[in-house]
Amino acid sequence: MKNIQLIISFLIYNLCFGQLDLNQFNLQFQSNPKPILLYFYTDWCTYCKIQEKEIEQNKTIKTQLENDVYFLKINGESLDDINFLGKIYIAKSTQQKKNNHSFTLHFTEENEQINYPFWVIINEKQEVIGKYFGLIKNNQLDEILDKLTSIDRIN
1 MKNIQLIISF
11 LIYNLCFGQL
21 DLNQFNLQFQ
31 SNPKPILLYF
41 YTDWCTYCKI
51 QEKEIEQNKT
61 IKTQLENDVY
71 FLKINGESLD
81 DINFLGKIYI
91 AKSTQQKKNN
101 HSFTLHFTEE
111 NEQINYPFWV
121 IINEKQEVIG
131 KYFGLIKNNQ
141 LDEILDKLTS
151 IDRIN
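Residues in the sequence shown are numbered from 1 upward in steps of one, following UniProt numbering.
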């Protein structure tokens, strides 16, 4: 019974948080391009848990993430291959050893230290226009989303 409650809580949390499944995203982006906000996290990242809690408690940001951008929450050490806009990124991790996923590394410079949470901002033309390592305060995230969606409206 506790397992069922845990699974239901997890599903409700994910539905409320506003992120899309990658398969849904790949289909929707083709017919309705808009800015993309990638949020890379890890299971062990304390700051990621703080970030997610802060976002969850802010209705304005949640609404923006659900409506104005494609918000994709991705485990930076995923064991699964990732299909992002038709390109396949192969997992580097194994069950025994965690490594940054090749999709995560795609957005970094060679030998760049990755800290989580890791944010990547991509415009509707699929160009990376910003990235940030670490916690983003809600007022900063709100500003980023406002600027991103205003740029989208101008173009």
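Glycine included, every Cβ here is placed at the ideal spot set by N, Cα and C.
Top-ranked residue by Cα proximity to residue 88, from 98, 73, 104: 104
Runs of alpha helix (DSSP H) lying entirely within the UniProt domain "Thioredoxin" (1–150), each at least 4 residues, in chain order: Within the UniProt domain "Thioredoxin" (1–150), the complete alpha helix (DSSP H) segments at least 4 residues long are 2–17, 22–31, 46–56, 59–67, 102–106, listed from N- to C-terminus.
Nearest-angstrom Cα separation, counted from residue 47 out to residue 30: 33 Å
Beta-carbon spacing of residue 123, residue 33 below 7 Å: no
Cutoff 7 Å; reference residue 80; Cβ partners in own chain excluding five residues on either side: 91
Straight-line gap, residue 106 to residue 59 (C-alpha atoms, nearest Å): 31 Å
Cut-off 8 Å between Cβ atoms - residues of its own chain near residue 94, not counting five sequence neighbours on either side: Answer for residue 94: 79, listed in chain order.
Buried or exposed by the 16-neighbour rule on C-beta atoms within 10 Å, applied to residue 42: buried
Residue 85 versus residue 126: straight-line alpha-carbon distance, rounded: 9 Å
Simplified DSSP assignment, three categories, for residue 154: Reliability of the predicted coordinates at residue 154 is poor, the pLDDT of 47 falling under 50, and the value obtained from them is presented with this limitation in mind. Residue 154: helix per DSSP, three-state reduction.
Proximity of residue 100 and residue 134 at Cβ, strictly below 7 Å: no
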